[in-house]
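FYI, in the numbering used here the residues of the sequence shown are 1 to 276.
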Amino acid sequence: MQGTVDGFTYGLVTPVAAFLMAALGAALGLRCTTRSFHAARSWRAGWLALGSLSIGSGVWTMHFVAMTGFTVQETPISYDKPLTFAGLAIAVVMVGIGIFIVGYRGATRMALITGGTITGLGIASMHYLGMAGMRMDARFAYDTPLVVLSVLIAGIAATGALWAAVTLRGARSGLGASILMAVAVTGMHYTGMAALDVHLHLPPTLPSDLADVLPGDRPAEMIGPMLAGPGCFLLLAAVVLMFDPRAVTGEPGPAPRPGQRPRSTVREGAGGARYR
């Protein structure tokens with residue numbers, strides 16, 4: 001039988017909270033990406049890695065916050081921990097690949113398309129892996145056109161956000177890029193959820209103790225551990241950015257003193273450092 005699906009059990013609370021988590025992760029991550037262009041080459045990888053952790057954590061946290069508002073009226077839902085946490089790893093790794101491509105190749109067309117596509121695929125992979133981690137006595141079916149649309153939303157908006165991060169400067173443009181990334185994540189999530197049909201294996205009248213026999217953990221039991229790890233990553237990025245105002249403003253920093261060569265013009269070669 002067809003399950004009665006509700007993705008907004010708590011009204012607008014979960015969509016708004018999920019969007020804010022995605023925007024926070026994107027704001028911190030894209031600022032780290034922008035900052036990497038003004039850092040010495042030896043520090044660039046660190047800034048890009050921190051950006052990857054921030055965006056990946058924000059994306060994954062957004063997904064789980066949104067899923068707390070997802071219910072199927074006829075059956076309880078539980079989550080498989082290994083698969084759920086694997087979604088976090090997928091998000092961080094694939095977003096990281098996209099960010100590193102743009103971070104080292106710059107705002108070239110091929111780098112942006114490649115990096116944005118990989119980042120978008122990472123967001124989509126995290127979502128559908130998280131859905132695969134749901135446990136209920138039911139079978140999932142997806143509407144293929146809506147699934148494809150959800151992936152396209154993630155890829156196109158992620159590409160636009162990366163372009164804004166590497167080409168525009170200033171806190172206002174950074175905020176716009178963060179909102180664009182958050183729109184990509186939440187838009188992809190709810191489009192993917194709209195593609196879902198739940199076909200129950202159980203009769204309409206369920207035993208009262210069914211929630212005790214389903215494998216996995218209840219959402220209420222997982223909310224603390226789920227948010228603790230990504231929250232630490234986001235806090236770390238916020239602290240680092242707090243002590244580096246240039247990462248927030250996107251400015252290259254003060255002009256060098258007379259006779260002093262700017263650090264950002266240093267290139268490392270086989271024969272040692274050389275200048276442009």
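Note that beta-carbon positions come from the ideal geometry of N, C-alpha and C, so glycine has one too.
- Shown here for Tyr10: same chain residues with a beta carbon closer than 6 Å to its own, the five before and five after excluded, namely Gly69 in chain order.
- As a beta-bridge residue in DSSP terms, Met134 pairs with Tyr79.
- Secondary structure at His189: helix, using DSSP grouped into helix, strand and coil.
- 9 Å or more divides the Cβ of Ala164 from the Cβ of Thr119.
- Residue state for His201 is assigned as coil, using DSSP reduced to three classes.
- Taking the CA atoms as reference points, Leu20 sits about 22 Å from Gly98.
- Taking a C-beta distance under 9 Å as the contact criterion, Glu74 and Gly3 qualify as a contact pair.
- The distance from the Cβ of Gly58 to that of Leu24 is about 6 Å, consistent with a contact at the 8 Å cut-off.
- Just so you know, the alpha carbons of Ala177 and Ala27 end up roughly 8 Å apart.
- Taking the CA atoms as reference points, Gly130 sits about 30 Å from Val166.
- Considered as a whole, the stretch 7 to 80 harbours 13 to 36 and 41 to 67 as its complete alpha helix (DSSP H) runs of no fewer than 4 residues, in chain order.
- In this model, Gly187 and Ile123 are separated by some 11 Å (Cα to Cα).
- Under the DSSP assignment, Leu168 falls outside any alpha helix (DSSP H); it carries neither an H nor an E label.
- Cβ contact annotation for Asp197 (same chain, cutoff 6 Å, sequence separation greater than five): Ala141, in chain order.
- For the set Ala158, Leu152, Leu149 and Leu168, the Cα lying nearest the Cα of Ser52 is the one of Ala158.
- With contacts defined as CB atoms closer than 9 Å, Val5 and Thr71 qualify as a contacting pair.
- Its chain contains Gly51, Ser54 and Ile55 as the residues whose beta carbon lies nearer than 6 Å to that of Gly29, once the 5 sequence neighbours on both sides are disregarded; these appear in chain order.
- Taking each of Gly160, Val102, Tyr104 and Leu146 in turn and checking the Cα distance to Met193, the smallest one comes out for Leu146.
- Using a 10 angstroms sphere on the CB of His199, the tally of other CB atoms stays under 16, which defines it as exposed.
- Considering only Pro76, Phe64 and Val65, the residue with the shortest C-alpha distance to Asp137 is Pro76.
- Only buried fits Gly96, as 16 or more other CB atoms lie within 10 angstroms of its CB.
- Between Ala18 and Met62 a beta carbon distance of about 5 Å is seen, short of the 8 Å cut, so the two are scored as contacting.
- Spatial neighbours of His201 in its own chain (CB-CB distance under 8 Å, excluding positions within 5 residues in sequence) are listed in chain order as Asp137, Ala138 and Arg139.
- Buried is the label assigned to Thr34, since at least 16 other Cβ atoms lie within 10 Å of its Cβ.
- 9 Å or more divides the Cβ of Gly160 from the Cβ of Leu175.
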